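Numbering (the UniProt record's numbering), first residue to last: 1 to 335.
For every residue, glycine included, the Cβ atom is placed at its ideal position computed from N, Cα and C.
Quantities reported herein were computed from a predicted structural model and do not represent experimental measurements.
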Amino acid sequence: MHGDHAPATSAGPAGPAEPSASGQSSFDRVIAGDGRIEPRDEMPDDYRKSLIRQISQHAHSEIIGMQPEGNWITRAPSLHRKAILMAKVQDEAGHGLYLYSAAETLGASREDMMQALLAGKARYSSIFNYPTPTWADIGAIGWLVDGAAICNQVPLCRASYGPYARAMIRICKEESFHQRQGFEILLTLSRGTPAQHELAQEAVNRWYAPSLMMFGPPDADSPNSAKSMAWKIKRFSNDELRQRFVDMLVPQAQALGLTLPDPDLRWNAERGHYDFGELDWSEFKAVLAGQGQCNVQRVEHRRRAHTEGAWVREAAMAHAAKKAARQQQSARGAA
Ligand code: BYC
């Protein structure tokens, strides 16, 4: 999660060149009219690059994000919980695949994106560098991490780039199931024995601040926001979405019977929002610089999974080649 983060781009469907004058004015018209830019449309190179940056980071987050929860599949407390968790982790893999495909429509090469991740050069969400030592962490991830993901991603369903916006619609539907399953795990623990209640509270204590940091740095330190909002990729700023998330969490925490670990959290009637305490941005920066608790482990695990999965990719390629040869043969036979 450090170094140079933008994957190399090969020429996209419309090529990486700047648009012609008419292409630029058509792009400006679509953005102003809240329309969608599609892969074959001309677009400014910066727009293309920024989308590849965001979408590839998002795809990597989904893939790396399988690990903290995957850690509990074999140890889930019942068959029912195990089946749900397996389905959820599989959903995250699916999200990664839709997103890599969306980045490919911009001319990014999947191989380059993959290699950047395996080399530890690609960014992915800071949140997945925290460990999951207890079962309650699976509840906290569902409630807080998927909850933050929904807050951040629902507006992305209206992003100006068509393939990204359309991928987000399906992803958000699945994320809302994920959030509910996390809430339900925490509710069960919170209403259980005192020890189970304590486990739930302790997990929320650890995941709360990192989940608020998922929205990115404060607006004043967010170099990509201005352009991204002008291009209508992002519809709300990092701080606006973070505030929306905190406002949503407070009544949900009350329903859970759990406390949010922030002594400065209180209703501000004047603003019509909850005030909350300053986050430790030095921790965020350290995680982004590769110094989080699990950065090294996450990338190593991905590398191992990639190597051990080589036979699956080879088998799929061999199957595809056989199928294509058979189709060619029958086409020749029919001719
Ligand atoms: N972690 O200018 P800014 C999920 C980087 S997956 C790491 O504000 P932007 C799930 C940022 O990339 C959830 N890096 O950037 C999966 C930028 O670096 P570069 C993932 C972060 O793009 C499995 C720099 O800091 N969601 O839910 O305008 C299981 C400056 O930031 C983070 C998405 O990816 C971070 N938290 O805004 C369960 C959503 N924050 O590229 C759940 C799509 C910032 O200049 N992405 N950085 O080197 C976005 O909405 C935006 O990219 C962000 C950041 C709001 C994250």
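Pair every Cβ in the region 53 to 73 with every Cβ in the region 97 to 107, then say whether three or more of these pairs are closer than 8 angstroms. Touching, per the Cβ criterion.
Looking at the structure shown, is Asp46 part of a helix, part of a strand, or coil, going by DSSP? Translated into positions along the sequence shown, residue 46 becomes position 46. Judged by DSSP in its simplified three-state form, Asp46 adopts helix.
Just tell me which of Thr105, Asp146, Ala122 has its CA closest to the CA of Met113. To locate residue 113, count along the sequence shown from 1; it is residue 113. The residue with the shortest Cα to Cα distance from Met113 is Ala122.
Going by alpha carbons, who is nearest to Val204 out of Pro261, Arg29, Glu175? As a first step, residue 204 is located in the sequence shown; it is residue number 204 there, counting from the start. Each of Pro261, Arg29, Glu175 was checked against the Cα of Val204, and the nearest Cα belongs to Pro261.
With DSSP as the reference, identify every bridge partner of Asn268, one or two as the case may be. Indexing the sequence shown from 1 puts residue 268 at position 268. Answer by DSSP bridge pairing, in chain order: His273.
Three-way DSSP call (helix, strand, coil) for Tyr130 in this model: The residue you call residue 130 lines up with position 130 of the sequence shown. Tyr130 falls in the coil class under three-state DSSP.
Report whether the distance from the Cβ of Asp239 to the nearest heavy atom of the ligand BYC is below 7 angstroms. The count along the sequence shown starts at 1 and reaches residue 239 at position 239. Asp239 has its CB no nearer than 7 angstroms to any heavy atom of the ligand BYC.
Please confirm whether any heavy atom of the ligand BYC lies closer than 7 angstroms to the CB of Gln57. Position 57 of the sequence shown holds residue 57. Relative to the ligand BYC, the nearest heavy atom lies less than 7 angstroms away from the CB of Gln57.
Nearest-angstrom Cα separation, counted from Asp247 out to Glu184: Locating residue 184 in the sequence shown gives position 184, counting from the first residue. Locating residue 247 in the sequence shown gives position 247, counting from the first residue. Going by the C-alpha atoms only, they are around 20 angstroms apart.
Residues bridged to Tyr161 (per DSSP): Here residue 161 refers to the residue found at position 161 when the sequence shown is read from its first residue. Answer is Ile37.
Looking at C-alpha atoms only, which residue of Gly147, Phe276, Ile52 is the closest neighbour of Ser211? One-based indexing of the sequence shown puts residue 211 at position 211. The shortest Cα separation from Ser211 among Gly147, Phe276, Ile52 belongs to Gly147.
With a threshold of 7 angstroms on Cβ separation, who are the neighbours of Leu187 within its own chain once the five nearest residues in sequence on each side are excluded? What you label residue 187 is simply residue 187 of the sequence shown in a count that begins at 1. Excluding residues up to 5 positions away in sequence, Leu256 lie with their Cβ nearer than 7 angstroms to the Cβ of Leu187 in the same chain.
For Pro131, verify whether its CB is less than 7 angstroms away from any heavy atom of the ligand BYC. Working through the sequence shown from its first residue, we reach residue 131 at position 131. No - the ligand BYC has no heavy atom lying nearer than 7 angstroms to the Cβ of Pro131.
Taking only runs that begin and end inside the region 75 to 148, name each unbroken alpha helix (DSSP H) of 4 or more residues, in chain order. Qualifying alpha helix (DSSP H) stretches, in chain order: 79 to 104, 110 to 118, 136 to 140.
Extent of the continuous alpha helix (DSSP H) to which Asp247 belongs: Sequence index remark: in the sequence shown, residue 247 carries index 247 (1-based). DSSP places Asp247 inside the alpha helix (DSSP H), whose first and last residues are 238 to 256.
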